[in-house]
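Be aware that the sequence shown starts at 3, since it is given in our numbering, and climbs by one per residue. The beta-carbon is built from N, C-alpha and C at its ideal position, and this holds for glycine as well.
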Amino acid sequence: MSRIKQRFESLRQQGRKALVSYVVMGDPAKDVTLPVMHALVASGTDIIELGIPFSDPNAEGPVIQKAHERALAHGSSLRDALAQVKQFRETDSDTPVLLMGYTNPIERMGYDSFIEKAVDAGVDAVLTVDLPPEEAEEFSEHLKQANMENIFLLAPTSSPSRQKKVTDMAGGFIYYVSLKGVTGAGNLDVNSVNENVTSIRSLTDLPVCVGFGIKDGASARAVADLSDGVVVGSVLVNQIAALAEQGETNPAIYAAAVSVIIAEIREALDK
């Protein structure tokens, strides 16, 4: 059984919801990411989503775009993300880690080379934002052969046929984007989330996690009641950005700051 499946099964048995936390590799510096990853887990994160720095992250809002810029300014790359996961695995063999990013860096490395390195590092899944299911068959097959999961996004604008295509191909869990447009924007429409999650669940037994717009315990709780878990990203990246703008360089300060945010959301989810 994969780490992701084990984690969701364990949460289901406990009657708890999954908390998926997103940060960008190397934001704001390479030595910050590992302490932050461990702090996320210690404060209640169930699955880590590690962003691969990219020069044109066009699905992201301004907050996460700037995180990619900060990471790239320090030379962070896909290779660094893989190395970081490998280091994380030295002391955490249980927490699922998925890499989220764009196709270009993976294609430059080559599917086979990337997957070999990802398996060696202990990566559990990949979410390629700009690779629709129609174009993902080859990559999905490579991942499947390596026992890695291919995570896909679905949005309020996804047609029933798109929902079916994604649920047929996806592994791990379905990432439902609760808002139209880019990450971190707008307000949650709980009724729309409920309607779409219900539709997705009619097509698959995979867990459904909801992201984009989860900024505190209250919004996490509202969405968790309708889904199997929540994805938190912009609120963490915002906190990292605020510290970076103050010139903070101590990784422990970043780790402590994200811990406070995650602990509040975890507490709300467990009520």
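Extent of the continuous alpha helix (DSSP H) to which residue i belongs
| i | result |
| --- | --- |
| residue 260 | 253-271 |
| residue 42 | 32-44 |
| residue 113 | 113-123 |
| residue 83 | 80-91 |
| residue 141 | 139-147 |
| residue 274 | What the structure shows of the chain is the stretch from 3 to 273, and residue 274 is not part of that stretch, so it cannot be assessed. |
| residue 219 | 219-226 |
| residue 60 | Note, residue 60: premise wrong, no alpha helix (DSSP H); not H, not E. |
Endpoints, the beta strand (DSSP E) within which residue i is located
| i | result |
| --- | --- |
| residue 130 | 127-130 |
| residue 13 | No beta strand (DSSP E) holds residue 13; the alpha helix (DSSP H) holding it covers 5-16. |
| residue 20 | 20-26 |
| residue 101 | 99-103 |
| residue 52 | 49-53 |
| residue 176 | 176-179 |
| residue 155 | 154-156 |
| residue 77 | Run containing residue 77: none; DSSP gives neither H nor E here. |
Neighbour-count burial assignment, residue i, 16 or more Cβ in a 10 Å radius
| i | result |
| --- | --- |
| residue 3 | exposed |
| residue 57 | exposed |
| residue 262 | exposed |
| residue 221 | buried |
| residue 93 | exposed |
| residue 273 | exposed |
| residue 151 | buried |
| residue 68 | buried |
| residue 75 | exposed |
| residue 64 | exposed |
| residue 193 | exposed |
Short Cβ contact (8 Å threshold) for residue i with residue j
| i | j | result |
| --- | --- | --- |
| residue 171 | residue 201 | no |
| residue 55 | residue 79 | yes |
| residue 191 | residue 266 | no |
| residue 255 | residue 42 | no |
| residue 146 | residue 205 | no |
| residue 129 | residue 100 | yes |
| residue 271 | residue 226 | yes |
| residue 212 | residue 232 | yes |
| residue 253 | residue 48 | no |
| residue 44 | residue 87 | no |
| residue 46 | residue 268 | yes |
Supposed contact pair residue j and residue i - C-beta distance, whole angstroms, cut 8 Å
| i | j | result |
| --- | --- | --- |
| residue 154 | residue 135 | 6 Å |
| residue 105 | residue 133 | 5 Å |
| residue 72 | residue 29 | 5 Å |
| residue 102 | residue 131 | 7 Å |
| residue 97 | residue 50 | 6 Å |
Residue from the options with nearest C-alpha to residue i
| i | options | result |
| --- | --- | --- |
| residue 52 | 259, 252 and 235 | 235 |
| residue 195 | 71, 50 and 157 | 157 |
| residue 19 | 27, 26, 25 and 10 | 10 |
| residue 239 | 131, 138, 26 and 249 | 26 |
| residue 5 | 95, 82, 59 and 60 | 95 |
| residue 290 | 163, 209 and 82 | With the chain covering only 3 through 273, there is no way to say anything about residue 290. |
| residue 247 | 31, 8 and 114 | 31 |
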